[in-house]
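Colleague: First residue of the sequence shown: 20, per this note's numbering; consecutive thereafter. Dropping the structure in here first, questions after.
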Amino acid sequence: MRPLSTAGLLHVWERGQAQRPFDRAETLLAAGLPDQSPETVAGLSIGQLDAALFTLREQSMGGWLRAYAACPACKAELTFTLRTQDLRNSAAADAPAGTGRVSRDGISVTYRLPSSRDFEELPPTLDVPAIRARLARRCVTEALRDGRPIDAGELPPELIDEISEAMARQDPQAEILINLSCPECDHHWSDFFDIGSFFWMEIAVMAKRLLADVDALARRYGWREADILAMTPWRRHTYLQLGER
Ligand SMILES: [Zn+2]
């Protein structure tokens with residue numbers, strides 16, 4: 020994994036503007052893994068993709084995250100820090116197997132774990148149970164009733180639930196829950212943490228900050244964007260401070 024450079028960060032931000040969240044995660048990873056083919060990155064399971072995003076975040080900006088949330092009870096705005104080390108699910112350290120098998124009532128099903136591609140092609144209006152069911156059916160690679168092949172569309176809902184649960188157990192990194200408590204009203208709640216959207220928001224903030232620096236230095240000294248971006252952050256900041264004297 021290669022840490023994001025200043026130019027790489029801007030490139031990812033620019034490409035990601037018009038992309039959907041899963042494509043953004045892939046664009047990010049492609050910047051960190053330039054030697055991997057786009058097909059390889061697109062084929063990673065969600066847990067593998069998130070684990071790789073955590074690594075890229077750690078190598079590019081370190082292992083501490085500064086996060087925000089609004090209390091659902093009193094609407095107070097909370098700021099807190101999280102450690103990537105705590106968020107990474109320890110179970111994901113063992114590379115998950117790409118496929119699995121479940122059997123029930125004479126039907127035996129082989130499936131693969133969903134990748135970001137599978138999520139991308141879901142209609143945007145579905146709720147969580149519908150998404151899980153759609154994914155489970157989509158990822159069935161073989162379904163046999165008493166040894167004879169049947170269509171994934173014919174699988175009973177209980178079996179679909181079982182496949183979803185087995186997928187979640189096998190790819191635990193795919194869902195990360197954080198426990199939060201409000202210092203104002205003592206309300207406790209849990210929320211999903213998604214490294215892909217978190218990292219993207221950070222990149223958007225940093226990209227705008229960088230472009231503001233380029234703007235200020237180019238106006239003041241007439242330097243080219245490429246030359247300003249090639250400077251270390253310390254040198255850029257020092258020039259900016261000198262100009263404010
Ligand atoms: Zn509260």
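Every residue gets a Cβ at the ideal spot worked out from N, C-alpha and C, and that includes glycine. Since we're looking at a predicted model, the values are computed, not measured.
Helix, strand or coil: how does DSSP classify A89 here?
Modeller: Correct three-state label for A89: strand.
Colleague: Output yes or no for whether 8 Å exceeds the beta carbon distance between T98 and Y87.
Modeller: A contact, by the Cβ cut-off of 8 Å.
Colleague: Within 7 Å: the Cβ of A88 and any heavy atom of ligand 1?
Modeller: Incorrect: A88 has no Cβ contact closer than 7 Å to ligand 1.
Colleague: From the DSSP output, in three-state form, read off P252 for me.
Modeller: Helix at P252.
Colleague: Could you check if A110 is buried or exposed, using at least 16 other CB atoms within 10 Å of its CB as the buried criterion?
Modeller: Annotation note: pLDDT 41 at A110 (below 50); position unreliable, coordinate value reported separately. Looking at its Cβ environment, which holds fewer than 16 other Cβ atoms inside 10 Å, A110 is exposed.
Colleague: Would the beta-carbon of W242 fall within 8 Å of that of P91?
Modeller: No, these two residues do not count as a Cβ contact at 8 Å.
Colleague: Determine the direct distance from the alpha carbon of A235 to that of D190, and round the result to whole angstroms.
Modeller: Rounded to whole angstroms, D190 to A235 spans 46 Å at the Cα level.
Colleague: If we count the other Cβ atoms within 10 Å of its Cβ and call it buried at 16 or more, is L72 buried or exposed?
Modeller: Classification of L72: buried, given that the 10 Å Cβ count is 16 or more.
Colleague: How big is the Cα-Cα spacing for R85 and I169?
Modeller: Near 49 Å, if we compare the C-alpha coordinates of I169 and R85.
Colleague: Select from L28, R21, P22 and M20 the residue whose C-alpha is nearest the C-alpha of E221.
Modeller: Checking every option, the nearest Cα to that of E221 belongs to L28.
Colleague: Would I303 pass as a contact of A231 if the rule is Cβ separation under 8 Å?
Modeller: The requested residue 303 does not occur in the structure, where the chain is confined to residues 20 to 264.
Colleague: Does G125 come out as helix, strand or coil in the three-state DSSP assignment?
Modeller: Note: G125 maps to coil in three-state DSSP.
Colleague: Ligand 3 and E203: does the residue's C-beta get closer than 7 Å to at least one heavy atom of that ligand?
Modeller: Here the bound small molecules are ligand 1; ligand 3 is not part of this structure.
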